[in-house]
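> Protein sequence lines, in the order shown, are assigned to chains E and Z. Using our numbering, you'd call the opening residue of the first sequence number 1 and step up by one each time. Using our numbering, you'd call the opening residue of the second sequence number 335 and step up by one each time. Built from N, CA and C at the ideal position, the CB exists for glycine as well. These numbers come from a predicted model, not from an experiment.
2 protein chains.
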Amino acid sequence: MKTVTMADVAKHAGVSKSTVSQYMNQRYDYMGEKTRERVEKAIEELGYSPNIIARSLKQKSTTTIGVIVANILHVFSTQVIRAIEDFCHEANFHIIVCNADDDPVKEKKYMDMLRAKQVDGIIVFPTGGNLALYQQLVRDKYPIVFVDRMVPEVEVNTVLLDNEKAAKLGVDLLVTKGYQGIGMITPPLHRYVTPRMERMNGYQKALKAHDIKFDPQLLISAEIGHIRQQLDVLLQQPNKPDAILAINDRVLFEILQYAKEKGLSIPDDLAVIGIDEVTFAGFYSPTLTTIAQPAFEMGKKAAELLLNQIQDKTEVDETKIYRFEPQLLKRDSC
Amino acid sequence: MKTVTMADVAKHAGVSKSTVSQYMNQRYDYMGEKTRERVEKAIEELGYSPNIIARSLKQKSTTTIGVIVANILHVFSTQVIRAIEDFCHEANFHIIVCNADDDPVKEKKYMDMLRAKQVDGIIVFPTGGNLALYQQLVRDKYPIVFVDRMVPEVEVNTVLLDNEKAAKLGVDLLVTKGYQGIGMITPPLHRYVTPRMERMNGYQKALKAHDIKFDPQLLISAEIGHIRQQLDVLLQQPNKPDAILAINDRVLFEILQYAKEKGLSIPDDLAVIGIDEVTFAGFYSPTLTTIAQPAFEMGKKAAELLLNQIQDKTEVDETKIYRFEPQLLKRDSC
DNA sequence: CTGAAAGCGCTTACAG
DNA sequence: CTGAAAGCGCTTACAG
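1. Which two residues bound the contiguous alpha helix (DSSP H) that contains residue 353 of chain Z?
2. Taking 6 Å as the limit between beta carbons, can you name the residues of its chain near residue 634 of chain Z, skipping five residues before and five after?
3. Which residues, in order along the stretch 72-90 of chain E, keep a beta-carbon less than 8 Å from a beta-carbon of chain Z?
4. Compile a chain-ordered list of the residues in the stretch 35-50 of chain E whose CB is closer than 9 Å to at least one CB of chain Z.
5. What distance in whole Å lies between the Cβ atoms of residue 554 of chain Z and residue 564 of chain Z, which are believed to be in contact at a cut-off of 8 Å?
6. Could you name the residues of the same chain whose beta carbon sits closer than 8 Å to that of residue 558 of chain Z, not counting the 5 residues immediately before and after it, in chain order?
7. What in chain Z is Cβ-close to residue 279 of chain E, meaning under 8 Å?
8. On a Cα-Cα basis, can you pick out the residue from Z:428, Z:436, Z:439, Z:376 that is closest to residue 112 of chain E?
9. Which residues bound the alpha helix (DSSP H) around residue 476 of chain Z?
10. So, at 8 Å on beta carbons, what are the nonlocal neighbours of residue 15 of chain E in its own chain, with the 5 sequence-adjacent residues on each side left out?
11. What does residue 99 of chain E touch in chain Z if you count any residue whose Cβ is under 8 Å from its own?
12. Which partner residues of residue 302 of chain E appear in the DSSP bridge assignment?
13. Could you tell me if residue 504 of chain Z is buried or exposed, where buried requires 16 or more neighbouring beta carbons within 10 angstroms of its beta carbon?
14. Sort out for me which residues DSSP pairs residue 184 of chain E with in a bridge.
15. Any residues in the stretch 562-575 of chain Z with a beta carbon nearer than 9 Å to a beta carbon of chain E? Which ones, in chain order?
16. When the Cα atoms are used, what is the spatial distance from residue 692 of chain Z to residue 525 of chain Z?
17. Going along the chain, which residues of its own chain have a beta-carbon closer than 8 Å to the beta-carbon of residue 467 of chain Z, five neighbours each way excluded?
18. Can you give the Cα-Cα distance for residue 630 of chain Z and residue 452 of chain Z, rounded to whole angstroms?
19. Name the chain E residues whose beta carbon is nearer than 7 Å to that of residue 390 of chain Z?
20. Which residue marks the beginning of the alpha helix (DSSP H) containing residue 569 of chain Z, and which one marks its end?
21. Using the Cβ count rule (16 or more neighbours within 10 Å means buried), how would you classify residue 89 of chain E?
22. Pull up the distance between the alpha-carbon of residue 155 of chain E and that of residue 201 of chain E, whole angstroms please.
23. Would you verify that the beta carbon of residue 293 of chain E is, or is not, closer than 8 Å to some beta carbon of chain Z?
24. Let me check understanding here. Comparing Cα to Cα, which of E:71, E:258, E:292 lies closest to residue 614 of chain Z?
25. Only counting the same chain, and skipping five residues up and downstream in sequence, which positions put a Cβ closer than 6 Å to that of residue 302 of chain E?
26. Please list, in chain order, the chain Z residues whose beta carbon lies closer than 8 Å to that of residue 256 of chain E.
27. Which residues of chain E have a Cβ atom closer than 9 Å to the Cβ of residue 396 of chain Z, listed in chain order?
28. Closer than 7 Å by C-beta to residue 172 of chain E: which residues in its own chain qualify, once you throw out the five before and the five after it? Chain order, please.
29. Determine, using beta carbons only, whether residue 292 of chain E and residue 272 of chain E come nearer to each other than 8 Å.
30. Spatial neighbours of residue 97 of chain E within its chain, please: C-beta separation below 6 Å, excluding the five flanking residues on both sides.
31. Using the DSSP secondary-structure output, state which residues sit across from residue 94 of chain E in a beta bridge.
32. Taking 7 Å as the limit between beta carbons, can you name the residues of its chain near residue 22 of chain E, skipping five residues before and five after?
33. Helix, strand or coil for residue 189 of chain E per DSSP?
34. Can you confirm whether residue 94 of chain E, when its beta carbon is compared against all beta carbons of chain Z, has any partner nearer than 8 Å?
35. Hey, could you find the ends of the alpha helix (DSSP H) residue 329 of chain E is sitting in?
36. Which same chain residues, not among the five before or five after residue 92 of chain E, have their C-beta less than 8 Å away from its C-beta?
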């Protein structure tokens, strides 16, 4: 496939490259009628399509952005990506998707590559492990938006769920329904991961608001693979919980699996609320009360913020945290 | 952020651009020890990072591929993308992800844009609606791989599930278990969509192999939103099915939702098998018998085929259909 | 062992 | 209204 270039078109039409370029960029203002037609015809006949790479080199814009997610297999990431894609499609931008796998090394590698590829900006679910890099980007005024997690030391527009509220919605409902011991299950908290930390805080604050003492015994913080086993221990205890708040969908799966194995009845033996909507919530038995994240709105907002930054580089936006409202979907699991 | 270029590095190090370029490409063969150190130091001090766009223009390779999926929200697409991403990451390639939404117009737009952006190749879940374009690409020897669907008129490497076998596995199991009336539910078949057509064929062939007459009455072909209603009609009939094969996960959801609403007991009132594994199959009540697609292997294969095509353009591979084995996961819903 | 020069395919002042 | 020329930031024969 011999590629046809602008020079070919120019020759074929008997005009200069400049004129073809004007045509391609729809600057017809000063172009003769016949000239335009000739160029149009030449493009048609040669099947010319411009090399955007070459244009990018000159214009310093690739109309492409990078999106680095923690894991594209998570439903939440998928929905955020989809929303970003839709928004970018409108604006004629493309997205390069990368999986950082929660690994700061991989994250850095991707960031560097994306910049080397001259993407116009980056949306990232930050691992938090590349402080110096984030700060460098901010200093360079490189367009960037954080999603799902924040990095307190770094001044970047950030799109987050109101995580405390999400946990509070769950606790409030459980308290209203009269549950006494409200447990919480989360993956490990050893590292600062915004959603987990904030949801934990929300859980504790909400308990306090209801004058319930936080009981560390009712908290499980373990790797996904160990949750069922710990749950088993927890439920043997005399002061076992009668309700549990699952910090995310992965945790909810473990609880449901456990309940199934042990023949526990939900909500009678154990009430359950999960943060994150799940596909089967509406037809599980019982139907599952969940707290949904507005993932599409969040993705859209992230894209909007980034494209704004890209388009008017001059304006010095103040950076902000954008909080989105979780939505309580009351069903029958509590 | 004033970008530092190769020329800056050259000046700073007191060498020529050529030398810096050699250094960047690790061609140290003929480079003096001191020269190398000087360049290294200059790069360090200036914080130089090369502009890959510029390199791409010269080298005619962007180390980027395009991936056009039908819908990134589908679990299958997600898994395929993830596998492609992983494979590409190894090879230092990046992926641009696009959603065609099953719309040939959008598909064409994306294809054109991706080529204009000089991606080195494209993996696509083809809508089937751009025959001329596909054929043009083949003629141009443009690296391309189809996934999930085939386009019979076009000679392109294609990665598919053995769809007939998937349906056959389901029917065989149901027959073995003694079910008499085995129904099938699918989205509309008006257009040729490989998985649907092949699974339908597989279903009919499998029935025949068991000397069961195919009864069109037991088949529902309807938009997702109308399935429950049609199912209701179907199950009122005298010769209603006692088992159903769901052609994909979306259909399975509808069946489960229906069963829940009507208080049907699975498998006693109605046995169910779904093609596509679902997250909750293992802890639903009953646990769900499904037929899983090896999505990761399929994605990996697609990436492998594409990168091979990209790397040795000379070699004329014969194009092939690569079939992957579905996996029957026996559980309790039949 | 290193540098000058041409070129990748565009865009953009500037001149006429 | 249109064209010649310079330049975007690299790479790559080629010369010495």
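With the structure as the only source:
1. 351-358
2. 417, 421
3. 72, 73, 78, 79, 81, 82, 85, 86, 89
4. 47, 49, 50
5. 5 Å
6. 521, 584, 585, 588
7. 587, 612, 613, 614
8. Z:428
9. Run containing residue 476 of chain Z: none; DSSP gives neither H nor E here.
10. 35, 38, 39
11. 416, 419, 420, 423
12. Per DSSP, none; premise fails for residue 302 of chain E.
13. buried
14. E:219, E:245
15. none
16. Limits of chain Z in this structure are 335 at one end and 668 at the other, which puts residue 692 of chain Z out of reach.
17. 442, 445
18. 26 Å
19. 53
20. 561-570
21. buried
22. 23 Å
23. no
24. E:258
25. 123, 145, 147, 159
26. 614, 617
27. 53, 117
28. 206
29. no
30. 67
31. E:64
32. 31
33. coil
34. yes
35. Per DSSP, residue 329 of chain E belongs to no alpha helix (DSSP H); it is in the beta strand (DSSP E), 327-329.
36. 63
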